[in-house]
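Numbering (full-length UniProt numbering), first residue to last: 1 to 249.
Ideal placement from N, C-alpha and C gives every residue a C-beta, glycine not left out.
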C-alpha cells in the first residue's frame with residue numbers, strides 16, 4: 001500500500017491545452033481549455049505544461065475556476081441569523097428564493113417536508129397558477145407550505161404573499177445564498193448523477209441574476225432568512241465527485 005501510494009504521488013501529467021495560461025516568456029497564444037490541469041487536480045496528480053516539462057521553463061501563471069468545491073465549509077450555520085427557528089410553531093408559508101441549482105429542492109425536502117410542510121414546485125406542477133391552487137388547497141387542510149420556485153422578483157413573490165394573507169397565514173422568505181458559480185457546479189453534478197435531470201444552460205441562470213431583486217420584509221414577509229447550502233452525502237463516491245472541479249471557468 002505504501003509503495004503504491006509513493007508511485008501514485010510520483011506520477012504527473014503533461015497537458016497540451018490550458019485555458020488561462022497567461023502570456024509566457026515567449027508570448028504564446030493562449031490555449032483553449034483548462035481541462036488537462038483540472039483533470040490532474042481532480043486525480044491528485046502534479047501537472048506540467050509542455051514548456052515546463054520538456055524545456056524546463058518556469059511555471060506559467062494560470063487562473064483556476066472561481067469556484068473550488070473542495071474548500072466548501074460545512075461547519076457553518078444553516079440559517080442567518082443562526083438563532084432562526086427553522087420550523088414555525090404555527091401554520092405558515094415559506095417562499096424560497098434562489099437560482100436554478102442553488103439547492104432549493106434539497107433544502108425543502110431535507111428540512112421542511114419531513115416536518116409536515118407541503119411542497120409546492122412549479123417544475124412539477126407546470127405553472128404559477130397551479131402553484132397557487134396547490135398552496136390554497138394545503139392551507140385549507142391546515143398544513144404549512146414551502147414554495148420551491150426561483151421567485152427572483154417582487155412580482156413572483158407577491159402572488160404567494162397575497163395568497164397567505166387571504167388565509168390569515170404569515171409568510172417568511174428563505175433566500176438560498178449559493179453563488180452563481182456554485183449553482184452552476186450543482187447543475188453539472190446533477191447532470192452527471194441524475195439521468196432524469198434536464199441540463200440547465202448558463203443563460204437561464206444569468207436570466208435569474210438579471211431579474212433578481214433582494215427580498216425585504218416590506219413586501220409583506222414576517223422575516224427574511226438567508227440559507228447556506230450545505231450538501232449532505234450518503235455515498236462517499238458521490239461526495240468525492242462533488243468535490244472535484246466540474247467547471248472550467
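- Following the DSSP letters along the chain, one finds residue 189 inside the alpha helix (DSSP H) bounded by residues 180-193.
- Within the same chain, 148 come within 6 Å of residue 121 by CB-CB distance, once the 5 residues on both sides are set aside.
- Here residue 36 is buried, its C-beta having at least 16 other C-beta atoms within 10 Å.
- Distances from the alpha-carbon of residue 220 to those of 205, 160 and 192 put 160 closest.
- Residue pairing by DSSP places residue 225 opposite 174 in a beta bridge.
- In this structure, residue 177 places its C-beta atom within 8 Å of the C-beta atom of residue 227.
- Between the segment 194-211 and the segment 63-77, the count of Cβ pairs shorter than 8 Å is below three; the stretches do not touch.
- Along the segment 62-97, the beta strand (DSSP E) occurs as fully enclosed runs of 3 or more residues at 92-97, listed in sequence order.
- A distance below 8 Å separates the beta carbons of residue 38 and residue 245.
- A distance below 8 Å separates the beta carbons of residue 247 and residue 181.
- Within the same chain, and ignoring the five residues on either side of residue 223 in sequence, the residues whose Cβ sits closer than 8 Å to its Cβ are 84, 172, 173 and 217.
- If you ignore the 5 residues before and after residue 98, its C-beta comes within less than 6 Å of the C-beta of 104 and 176, all in its own chain and listed in chain order.
- For residue 34, the closest alpha carbon among the candidates 64, 58, 192 and 45 is that of 64.
- According to the DSSP assignment, residue 161 belongs to no beta strand (DSSP E) but to the alpha helix (DSSP H) extending over 154-166.
- One thing to note: residue 232 has its Cβ no nearer than 8 Å to the Cβ of residue 152.
- A Cβ-Cβ separation of about 12 Å leaves residue 215 out of contact with residue 150 under the 8 Å criterion.
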